[in-house]
Amino acid sequence: VISVIVGPGDEAKTYLVHAKVLARSSHFFKACMTNDWLEREEKTIEMPDDDPTIVNLYIECCY
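For the sequence shown, position 38 matches number 38 in full-length UniProt numbering, and the numbering has no gaps at all.
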């Protein structure tokens, strides 16, 4: 399980998501978890410029 933190500062929402679910759904998320990206080590992906509502819908669709 990884944390996906979406949105700016105090408005950020945190979603706990199975890594395999995200990796199957997106080349971006797969790269975050399989390459030597910092996100893989921390098990956290930060997306401060994205809309939490949209990402929440995306995650729901992945499941």
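Every residue, glycine too, gets a C-beta built ideally from N, C-alpha and C.
Remember, it's a predicted structure, so these values are computed and weren't measured experimentally.
3 is the residue among 47, 3, 57 and 49 whose C-alpha sits nearest the C-alpha of residue 20. The C-alpha of residue 24 is placed about 24 Å away from the C-alpha of residue 12. Beyond the five residues adjoining it in sequence on each side, residue 18 comes within less than 7 Å, by CB distance, of 1 in the same chain, given in chain order. Around the beta carbon of residue 61, fewer than 16 other beta carbons sit within 10 angstroms, so the residue counts as exposed. About 5 Å separates the beta carbon of residue 6 from that of residue 47, a gap short enough to meet the 8 Å contact definition.
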